[in-house]
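Participant: Here you go, one structure.
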Amino acid sequence: MSFPKVSGAKVSGAVTTDALGPRLTGRWSRRICAVVIVAGAAAVLAPLAWMISTSLKPESQVFRTPIEWVPSTVRTENYREAVSLIPFWRYALNSLVIAVPVVIGTVATSVAVAFAFARMRAPGLGWLFGLVIAAIMLPGEVTLVPSFLLFNELGWVGTYLPLTVPAWLGGGAFNIFLLRQYFLTIPREQDELARVEGHSHLSILLRVIVPQSWPAVAVVAAFEFVHVWNDFLGPLLYISEADRYTLPLGLNFYKDIYNTQWAHLMAASLLALLPCIVVFFLAQRAFTQGVVLTGRR
Amino acid sequence: MSTAAAPAGTSAGTAADDAPPRRRRRSRASRREAWAAYGFLSPWAIGFVGLTVGPIVASLVLSFTDYNLLDAGDTSWVGTDNYREALTEDRLVLHSLKVTAYYATLAVALDLVVGLAVALLLNTGLRAIGAIRTIYYLPAAVSGVAVSLLWLWIFQPSSGLANAMLDLVGLPRIDWVYSTTWVIPAFVLMSLWGVGRSAFIYLAILQRIPTNLYEAAAVDGAGPFTRFRRITLPLVTPAIFLNLVLGIISNFQTFTQAFVISEGGPANASLFYTLYLYRNAFRYFRVGYASALAWILFALLLALTLVAFRSSRRWVYYEAGGAR
Numbered sequence: 039m040s041f042p043k044v045s046g047a048k049v050s051g052a053v054t055t056d057a058l059g060p061r062l063t064g065r066w067s068r069r070i071c072a073v074v075i076v077a078g079a080a081a082v083l084a085p086l087a088w089m090i091s092t093s094l095k096p097e098s099q100v101f102r103t104p105i106e107w108v109p110s111t112v113r114t115e116n117y118r119e120a121v122s123l124i125p126f127w128r129y130a131l132n133s134l135v136i137a138v139p140v141v142i143g144t145v146a147t148s149v150a151v152a153f154a155f156a157r158m159r160a161p162g163l164g165w166l167f168g169l170v171i172a173a174i175m176l177p178g179e180v181t182l183v184p185s186f187l188l189f190n191e192l193g194w195v196g197t198y199l200p201l202t203v204p205a206w207l208g209g210g211a212f213n214i215f216l217l218r219q220y221f222l223t224i225p226r227e228q229d230e231l232a233r234v235e236g237h238s239h240l241s242i243l244l245r246v247i248v249p250q251s252w253p254a255v256a257v258v259a260a261f262e263f264v265h266v267w268n269d270f271l272g273p274l275l276y277i278s279e280a281d282r283y284t285l286p287l288g289l290n291f292y293k294d295i296y297n298t299q300w301a302h303l304m305a306a307s308l309l310a311l312l313p314c315i316v317v318f319f320l321a322q323r324a325f326t327q328g329v330v331l332t333g334r335r
Numbered sequence: 027m028s029t030a031a032a033p034a035g036t037s038a039g040t041a042a043d044d045a046p047p048r049r050r051r052r053s054r055a056s057r058r059e060a061w062a063a064y065g066f067l068s069p070w071a072i073g074f075v076g077l078t079v080g081p082i083v084a085s086l087v088l089s090f091t092d093y094n095l096l097d098a099g100d101t102s103w104v105g106t107d108n109y110r111e112a113l114t115e116d117r118l119v120l121h122s123l124k125v126t127a128y129y130a131t132l133a134v135a136l137d138l139v140v141g142l143a144v145a146l147l148l149n150t151g152l153r154a155i156g157a158i159r160t161i162y163y164l165p166a167a168v169s170g171v172a173v174s175l176l177w178l179w180i181f182q183p184s185s186g187l188a189n190a191m192l193d194l195v196g197l198p199r200i201d202w203v204y205s206t207t208w209v210i211p212a213f214v215l216m217s218l219w220g221v222g223r224s225a226f227i228y229l230a231i232l233q234r235i236p237t238n239l240y241e242a243a244a245v246d247g248a249g250p251f252t253r254f255r256r257i258t259l260p261l262v263t264p265a266i267f268l269n270l271v272l273g274i275i276s277n278f279q280t281f282t283q284a285f286v287i288s289e290g291g292p293a294n295a296s297l298f299y300t301l302y303l304y305r306n307a308f309r310y311f312r313v314g315y316a317s318a319l320a321w322i323l324f325a326l327l328l329a330l331t332l333v334a335f336r337s338s339r340r341w342v343y344y345e346a347g348g349a350r
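Read top to bottom, the protein sequences are chains A and B. So for the first sequence, the numbering used here puts the first residue at 39; every next one is plus one. So for the second sequence, the numbering used here puts the first residue at 27; every next one is plus one.
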């Protein structure tokens, strides 16, 4: 599943390309393109705008038709009420208590594993890397139930251990693959030199490889944060005590109780998404590059 | 070793040519390196054995038993009964497969086509394109329950955004996720919101197509349509293939949206396969049966992936020598 390397001349300076050929020259075709693309962007933004708009309306105005994009009365109290109707901050804290060790564990172990695959020589390494790739194709459903039985046997059900410990065991096949590919692009002479100077493998990893791999490490960390923050099935299986709910569980529970209070539901949902949106803007470059590098979705 | 700066590929060759005493020292070093490598790999190895291989084997074994979560002591070997029940007696299995396949087909097809269209438009070098690209990619950063709740609200028949838009263009209103006909199209629409992801994969390739290909084609008198068909389309086939395979795998595992938005309803019209598997395992506690369902899904996905890979030889274009 690699991309073709398009060999040949670099893109010449004078003419930029679009997919249909050299830069669109016709004034009208440029205009039509611009209109379509802006309309599409508006369509993508519309659900989020609608979410913000709803979250600021008094419940009495939420159901008005025709719809009002800008609330005639802005009611910011919705947010204060939304976080007290359910123990929002408690759930947010629980989510964070899971997300932090998961992100750290994922980065730490996938960097180490990827380093071994990219830089070290040992019998069977190629074969083991094949197993990593094979694991990418395995649907989670197959291991879902036996993993639950295993954690049940260990007495971990009801704790955060089934959600956090696996992150420390390799950090996921996708991340290993992404990091290995990135490490391969770093010139080998640098670690050979460090080796001659007597550095250990660990110190080569930490002094030579990691400092040059921040974009890839950021991709892994950002993806993993968004993934664990939004994860629903994991907490659904392993957490039953309401005190220990994560935000997704809390929101789902919230929906079952206050399912017609859309303004409050949207306010709570928006607050729950906020960390992901912040991470997205912080790691935006890394994000888009990560998609490009791995095809991860 | 003084040849530290030698290219990596050659060092294996020089090792063989070395004099015996040096080779010995080398091999001790390489044994040390091997142990260090296994050390670095050990977290993954533990996870792979404990959380992948072990569960795979357990799942396969369980699928031939009537293991029940509430009554684990009374488990017996039932041979292929679970598979027989799933494939011949339990009508919900076939039903949920149809629901899932219907959804996945629509979602993947639209994702491939709209994703490419968006990528082509994003590649036209218009002004402020960076900001617009960010907007298209934004939905990829958000998912899960919060987004499902947003779409549940959008799909409310009386005052949701979706019907407001239909009103705007004069089309009749739809009951969306409360209608057996429209619940799947509603989920497809929701999935289309994340089209920026596949668009970015296309974009990565489009930006690497050399301009001179188009210039040469234009000189030869090829119009925009011919240039698209003869240059762009063949060169993006690897991205189409990647999006196709990833799309099949991820869409066949749809769970959270269905759980939160429609809970499989109305009248099982959105009973996705994974949702049904979850119910068997964790609501009816039929672990053995659920394991058989998981293996049926795995076999199906494997078959689909293989078909995709096989067919790719005929339609995916890899530039000679570039793909290796």
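For every residue, glycine included, the Cβ atom is placed at its ideal position computed from N, Cα and C. Everything numeric in this text was worked out from a predicted model, so none of it was measured.
Give every residue of the same chain whose Cβ lies closer than 7 Å to the Cβ of B/Q283, excluding the five residues on either side of it in the sequence, and list them in chain order.
Facilitator: Counting only Cβ-Cβ distances below 7 Å, and skipping sequence neighbours, we find S174, F213, M216.
Participant: If I'm right that A/A211 touches A/A173 with Cβ under 8 Å, what's the distance once you round it to whole angstroms?
Facilitator: Contact flag correct, Cβ pair sits at about 4 Å.
Participant: Does B/A316 have its Cβ less than 8 Å from a Cβ in chain C?
Facilitator: Absence of chain C from the displayed structure is noted, the protein chains being A and B.
Participant: Excluding five sequence neighbours on each side, which residues of the same chain lie with their C-beta closer than 6 Å to the C-beta of A/L287?
Facilitator: Once the five neighbours on either side are set aside, the close Cβ partners of A/L287 are P273.
Participant: Report yes or no: is there a C-beta of chain B within less than 8 Å of the C-beta of A/T181?
Facilitator: It does; some Cβ of chain B falls within 8 Å.
Participant: Could you say if the segment 147-162 of chain A and the segment 287-302 of chain A meet the contact criterion of at least three C-beta pairs nearer than 8 Å?
Facilitator: Taking 8 Å as the limit for Cβ pairs, the verdict is that the segment 287-302 of chain A does not touch the segment 147-162 of chain A.
Participant: With H, G and I counted as helix, E and B as strand and the rest as coil, what does DSSP make of A/R65?
Facilitator: If DSSP states are grouped into helix, strand and coil, A/R65 belongs with the helices.
Participant: Run through chain B and tell me which residues come within less than 8 Å of A/L303, C-beta to C-beta.
Facilitator: Simply L175, W179.
Participant: With a threshold of 16 other CB atoms inside 10 Å of the CB of A/S133, please say whether the residue is buried or exposed.
Facilitator: Under this definition A/S133 is a buried residue.
Participant: Against chain A, with Cβ distances strictly below 8 Å, would B/S169 count as a contact?
Facilitator: By this cut-off, B/S169 is an interface position.
Participant: For a cutoff of 8 Å on Cβ pairs, would you count A/P96 as touching chain B?
Facilitator: Not one chain B Cβ lies under 8 Å of A/P96.
Participant: Would A/T103 count as contacting chain B if we go by Cβ distances under 8 Å?
Facilitator: Yes, A/T103 counts as interfacial toward chain B.
Participant: Of all the options B/I322, B/L232, B/I180, which has the alpha carbon lying nearest to the alpha carbon of B/I200?
Facilitator: Of the listed residues, the one whose Cα sits closest to B/I200 is B/I180.
Participant: Taking B/W321 as part of the alpha helix (DSSP H), name the residues at either end of that continuous run.
Facilitator: It spans 313-341 - the alpha helix (DSSP H) in which B/W321 sits, taken as one unbroken run.
Participant: List, from N- to C-terminal side, the alpha helix (DSSP H) runs of 4 residues or more that fit wholly inside the segment 217-279 of chain B.
Facilitator: Listed in chain order, the complete alpha helix (DSSP H) runs (minimum 4 residues) inside the segment 217-279 of chain B are 222-232, 237-245, 250-253, 259-277.
Participant: How many angstroms separate the CA atom of A/V170 from the CA atom of B/T258?
Facilitator: Computed Cα separation, rounded: 33 Å.
Participant: With 16 other CB atoms within 10 Å as the buried threshold, where does A/D229 fall?
Facilitator: Classification for A/D229: buried.
Participant: Comparing the C-beta of A/W300 with each C-beta of chain B, is any distance below 8 Å?
Facilitator: It does: the Cβ of A/W300 has a partner Cβ on chain B nearer than 8 Å.
Participant: In angstroms with no decimal places, state the Cα-to-Cα distance between A/N268 and A/L289.
Facilitator: Distance between the alpha carbons of A/N268 and A/L289 is about 11 Å.
Participant: Using a Cβ-Cβ cut-off of 8 Å (strictly less than) and excluding sequence neighbours within five positions of B/S85, which residues of its own chain qualify?
Facilitator: Answer for B/S85: S317, A320, W321, listed in chain order.
Participant: Which residues in chain A sit within 7 Å of B/P165, going by Cβ to Cβ distance?
Facilitator: Result: V82.
Participant: Does the segment 131-146 of chain B come close enough to the segment 242-257 of chain A that 3 or more CB-CB pairs lie under 8 Å?
Facilitator: Verdict: no, contact absent.
Participant: Where do the N-terminal and C-terminal ends of the alpha helix (DSSP H) with A/P313 fall, by residue?
Facilitator: Per DSSP, A/P313 belongs to the alpha helix (DSSP H) from 300-320.
Participant: Between which two residues does the alpha helix (DSSP H) carrying B/F308 extend?
Facilitator: Where B/F308 is concerned, the enclosing alpha helix (DSSP H) stretches over 299-308.
Participant: Taking its Cβ as the centre, do 16 or more other Cβ atoms sit within 10 Å of B/P198, making it buried, or is it exposed?
Facilitator: So B/P198 counts as exposed.
Participant: What does DSSP give as the partner residues of A/N290 in its beta bridges?
Facilitator: A/N290 is not bridged to any residue.
Participant: Which word fits B/D137, buried or exposed, when buried means at least 16 other C-beta atoms lie within 10 angstroms of its C-beta?
Facilitator: Per the 10 Å Cβ criterion, buried.
Participant: Look at the Cβ atom of B/T101, then the Cβ atom of B/T91, and state whether they are nearer than 8 Å.
Facilitator: The answer is yes: Cβ separation under 8 Å.
Participant: Is there at least one Cβ from chain B nearer than 8 Å to A/F153's Cβ?
Facilitator: Taking Cβ atoms only, chain B reaches closer than 8 Å to A/F153, which makes this a yes.
Participant: Report the neighbours of B/V104 on chain A: residues whose CB is nearer than 8 Å to its CB, in chain order.
Facilitator: Chain A residues near B/V104: none, gap ~16 Å exceeds 8 Å.
Participant: Please go through the same chain and pick out, in chain order, the residues whose beta-carbon is closer than 8 Å to the beta-carbon of B/L218, but skip the five residues on each side of it.
Facilitator: Cβ within range, chain order: A133, L136, D137, V140.
Participant: Near B/Y315, which residues of its chain fall below 6 Å by C-beta distance, leaving aside the five closest residues on each side in sequence?
Facilitator: Correct list, in chain order: N108, N306.
Participant: Can you find at least 3 beta carbon pairs, one from the segment 93-100 of chain A and one from the segment 234-254 of chain A, that sit closer than 8 Å?
Facilitator: The segment 93-100 of chain A vs the segment 234-254 of chain A: no contact.
Participant: I need the DSSP call for B/Y344, collapsed to helix, strand or coil.
Facilitator: It is coil, neither helix nor strand.
Participant: Decide if A/G59 is buried, meaning its Cβ has at least 16 other Cβ atoms within 10 Å, or exposed.
Facilitator: Caution is warranted here: a pLDDT of 46 is assigned to A/G59, below 50, making its placement in the model unreliable, and the coordinate value is therefore given only provisionally. Buried: at least 16 other Cβ atoms inside 10 Å.
Participant: I need the straight-line Cα distance from B/G273 to A/P225, nearest angstrom please.
Facilitator: Near 34 Å, if we compare the C-alpha coordinates of A/P225 and B/G273.
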